[in-house]
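**Q** At position 65 of the sequence shown (counting the first as 1) the number is 65 in my numbering, and the numbers step up by one without a gap. Beta carbons are placed, not taken as given, at the ideal position from N, Cα and C, and that holds for glycine. Treat the numbers as computed from the prediction; the structure is a model and nothing was measured. Before anything else, here's the structure in question.
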Amino acid sequence: MENNMLKKVWSEKFKQVPETLQRIREVRSAATAFNTNIDAVLKIKGKDLEKLAAKQKLSLQDLERIEHTKLLAPSDVVKGIFKCFKNGIAEEWLTEDKAIYDWMVENLGYDRLQMGGQGGIVANVLAVVGVQKVVAHTNSLPKLQAEQFLPLKNLVSFDEKGAEKPASEIDRAKDIPLIHWIIEFDKGDEVVLDGQKFVCPKSNRFIATYDPLNLKLVVDENFVKALAKDKAEYIVLSGFHALTEQNNGVKLQDDILPVIKSWKEQGSLIHLEIASTQDIAVRKALLQKIAPIVDSIGINEREAMDILEVIGEEDLAKECNAKPNSVNMFKALFKIKKHLKAPRIQLHMFGLYMTLQDEGFKISPEANLRGMMLAATVAAGKAGTGNINKAENLLWAQGQEVSDIGLNELAKLADYVKSSDLLETGLAAYEGFELIALPTIIVEKPLTLVGMGDTISSLSLLAAR
Numbered sequence: 001m002e003n004n005m006l007k008k009v010w011s012e013k014f015k016q017v018p019e020t021l022q023r024i025r026e027v028r029s030a031a032t033a034f035n036t037n038i039d040a041v042l043k044i045k046g047k048d049l050e051k052l053a054a055k056q057k058l059s060l061q062d063l064e065r066i067e068h069t070k071l072l073a074p075s076d077v078v079k080g081i082f083k084c085f086k087n088g089i090a091e092e093w094l095t096e097d098k099a100i101y102d103w104m105v106e107n108l109g110y111d112r113l114q115m116g117g118q119g120g121i122v123a124n125v126l127a128v129v130g131v132q133k134v135v136a137h138t139n140s141l142p143k144l145q146a147e148q149f150l151p152l153k154n155l156v157s158f159d160e161k162g163a164e165k166p167a168s169e170i171d172r173a174k175d176i177p178l179i180h181w182i183i184e185f186d187k188g189d190e191v192v193l194d195g196q197k198f199v200c201p202k203s204n205r206f207i208a209t210y211d212p213l214n215l216k217l218v219v220d221e222n223f224v225k226a227l228a229k230d231k232a233e234y235i236v237l238s239g240f241h242a243l244t245e246q247n248n249g250v251k252l253q254d255d256i257l258p259v260i261k262s263w264k265e266q267g268s269l270i271h272l273e274i275a276s277t278q279d280i281a282v283r284k285a286l287l288q289k290i291a292p293i294v295d296s297i298g299i300n301e302r303e304a305m306d307i308l309e310v311i312g313e314e315d316l317a318k319e320c321n322a323k324p325n326s327v328n329m330f331k332a333l334f335k336i337k338k339h340l341k342a343p344r345i346q347l348h349m350f351g352l353y354m355t356l357q358d359e360g361f362k363i364s365p366e367a368n369l370r371g372m373m374l375a376a377t378v379a380a381g382k383a384g385t386g387n388i389n390k391a392e393n394l395l396w397a398q399g400q401e402v403s404d405i406g407l408n409e410l411a412k413l414a415d416y417v418k419s420s421d422l423l424e425t426g427l428a429a430y431e432g433f434e435l436i437a438l439p440t441i442i443v444e445k446p447l448t449l450v451g452m453g454d455t456i457s458s459l460s461l462l463a464a465r
């Protein structure tokens, strides 16, 4: 079937999205943990990058000599930006050096402040789509942080005395603001270094993080006590990617395991966002300790490759890096699923979402597809409008066609898994697992990409009802 006909088939399916959005409002409660911070968003141009490199006296050879993915000097900030700009990829590098934070304040600045951290972003998303009560974990909640929460009564956190209040109204004045830089760049922009021109192949971002509390997984005990008394239907976990081995990142995971297990025993459905975990020891521990006990996991292409590298699939990781198409990424998803034994894993890539889950998982393939279609629509709305802080932006992309890129990738995947129905239904069986695959709506010139993966993963799961 030609793409024009397939677009009509998928347009019919996407007509369910408004009804799915209504249904998500039946969710009684959700909680998000652990990382919430403030994002300082900056759109950087190729010319700006050239100036930063010149100011740091960095040659092209210097920029391409990357010996670590941490911010140990201001030059590392420039190296990270250039790497992501040149390759059109997203990465997050961390620092604990306040001098580098001060350098970023002075030399980068920002265009605007917004909610940051998977926990905070997902809390806002779930509240605005209408989940009846969203409990947000915050280890720092001064007024500047509170202002990044949507002013909604169904979105709550805890003040310094442990009282539950709308998160936007809390001011824990003694807490310090935690600020991350989200440095975005555009597809097609150019940077010229040492006479060589590099064209950015895909709009994306580089994240430079200075965050002493989330780097040490500081937990608000009031949040833990509240969930012990009143369980959440869903819990979305994240923030482990900020840990480092030198900061006891492995032990910190051991310390929080009993809490996560208690939530599981209460009957909460737990989803883990892997995120870009640069510290290999922390990444291994996350896969060995926390990933096996959750119900659902969310990853993107880069995170899938990171996982492959530490589960003995280095060759496949290289293959995916060279050609991150649907077939290679599905091979990655399949290997990861079998290794981690997580009941459900979702991978979102450019133009296509894929979910692989155990046969008979508590959420049916059809329900998963509905959730993924809502997520695709809302994610496109976020990209097209710049934010989904207003309910009217949620369905901004409703009625737009799925992309040719997504359909072409889905066709390759259908051939690989030998399912003639997958291209039209989005559903297939594969070696004892249920596969759900969705071509998505692509916004050519997105106004933002921050929190896109978190939005996709959380909505795909909670809207699957």
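Is there contact here, the segment 198-218 with the segment 88-103, by at least three beta-carbon pairs under 8 Å?
**A** Because the criterion of three Cβ pairs below 8 Å is met, the segment 198-218 and the segment 88-103 touch.
**Q** Between which two residues does the beta strand (DSSP E) holding Leu346 run?
**A** In the sequence as displayed, the identity of residue 346 is Gln instead of Leu. Start and end: Arg344 to Met349.
**Q** On the DSSP letters alone, give me the boundaries of the alpha helix (DSSP H) that Gly453 sits inside.
**A** Looking at the DSSP string, the run of the alpha helix (DSSP H) that includes Gly453 is Met452 to Leu462.
**Q** Is the beta carbon of Val17 sitting closer than 9 Å to the one on Glu184?
**A** Not closer than 9 Å, so no.
**Q** Does DSSP classify Ala99 as helix, strand or coil?
**A** Helix.
**Q** Scan the segment 250-323 and note each continuous alpha helix (DSSP H) run of 4 residues or more that stays entirely inside, going in chain order.
**A** Qualifying alpha helix (DSSP H) stretches, in chain order: 280-285, 301-310 and 314-322.
**Q** What span of residues does the beta strand (DSSP E) with Glu116 cover, start to end?
**A** For clarity, residue 116 is Gly in the given sequence; the question names Glu instead. Start and end: Arg112 to Gly116.
**Q** For the segment 335-354 against the segment 422-438, do three or more pairs of beta-carbon atoms, one drawn from each stretch, fall closer than 8 Å, so that the two count as touching?
**A** These segments touch.
**Q** With distances taken between CB atoms, is the gap from Asp194 to Leu243 smaller than 9 Å?
**A** Against a cut-off of 9 Å, the Cβ pair of Leu243 and Asp194 comes out as no contact.
**Q** Which partner residues does Ala429 have in the DSSP bridge list?
**A** According to DSSP, Ala429 bridges with Glu434.
**Q** Using the Cβ count rule (16 or more neighbours within 10 Å means buried), how would you classify Pro201?
**A** Its Cβ having fewer than 16 others within 10 Å, Pro201 is exposed.
**Q** Is Phe149 helix, strand or coil by DSSP?
**A** Three-state DSSP puts Phe149 in coil, outside helix and strand.
**Q** Which value, in whole angstroms, describes the spacing of the CA atoms of Asn87 and Val192?
**A** Rounded to the nearest angstrom, the two C-alpha atoms are 14 Å apart.
**Q** Can you have a look at Ser420 and say buried or exposed, based on whether 16 or more other CB atoms are within 10 angstroms of its CB?
**A** Exposed is the call here.
**Q** Report all residues from its chain with a CB closer than 7 Å to the CB of Lys331; omit the five preceding and five following residues, and keep chain order.
**A** Excluding sequence neighbours, Lys331 sits near Leu316.
**Q** Around the C-beta of Ala221, are 16 or more other C-beta atoms found within 10 angstroms, so that it is buried, or is it exposed?
**A** It should be noted that the sequence gives Glu, not Ala, for residue 221. Exposed, since its Cβ has fewer than 16 Cβ neighbours within 10 Å.
**Q** Thinking C-alpha only, which one of Lys153, Gly120, Ala146 and Trp181 is nearest Gln132?
**A** For the residues Lys153, Gly120, Ala146 and Trp181, the minimum Cα distance to Gln132 belongs to Lys153.
**Q** Out of Leu141, Ala127, Arg172 and His137, which has the shortest C-alpha to C-alpha gap to Thr32?
**A** Answer by Cα proximity: His137.
**Q** Which first and last residues belong to the alpha helix (DSSP H) in which Arg205 is found?
**A** From DSSP, Arg205 is part of no alpha helix (DSSP H) but of the beta strand (DSSP E) over Asn204 to Tyr210.
**Q** Please give me, in chain order, every unbroken run of the alpha helix (DSSP H) with length at least 4 that falls completely inside the segment 154-236.
**A** Complete alpha helix (DSSP H) runs here, min 4: 221-229.
**Q** Measure how close the beta-carbons of Leu461 and Gly371 come, nearest whole angstrom, since I'm counting them as under 8 Å.
**A** Confirmed, about 6 Å.
**Q** Quick one: what does DSSP say Glu91 is sitting in, helix, strand or coil?
**A** Three-state result, Glu91: strand.
**Q** Using 10 angstroms around the beta-carbon of Pro151, count the other beta-carbons present and answer buried if the total reaches 16, otherwise exposed.
**A** With fewer than 16 Cβ atoms within 10 Å of its Cβ, Pro151 is classed as exposed.
**Q** Could you tell me the distance, in whole angstroms, from the CA atom of Glu303 to the CA atom of Ser276?
**A** If you take the alpha carbons of Glu303 and Ser276, they lie about 6 Å apart.
**Q** By the 10 Å Cβ neighbour count, where 16 or more other Cβ atoms means buried, how is Glu359 classified, buried or exposed?
**A** By the neighbour-count rule (16 or more Cβ atoms within 10 Å), Glu359 is not buried but exposed.
**Q** Pop quiz: Asp39 and Ile182 are said to be a contact at Cβ under 8 Å. What is the actual Cβ separation, rounded to whole angstroms?
**A** Between Ile182 and Asp39 the Cβ distance is about 5 Å, and since that is below 8 Å, they are a contact.
**Q** If I measure Cβ to Cβ from Ile89 and keep anything under 8 Å in the same chain, skipping five residues before and after, which residues do I get?
**A** Cβ neighbours of Ile89 beyond the five flanking positions: Lys83, Lys202, Asn204 and Arg302.
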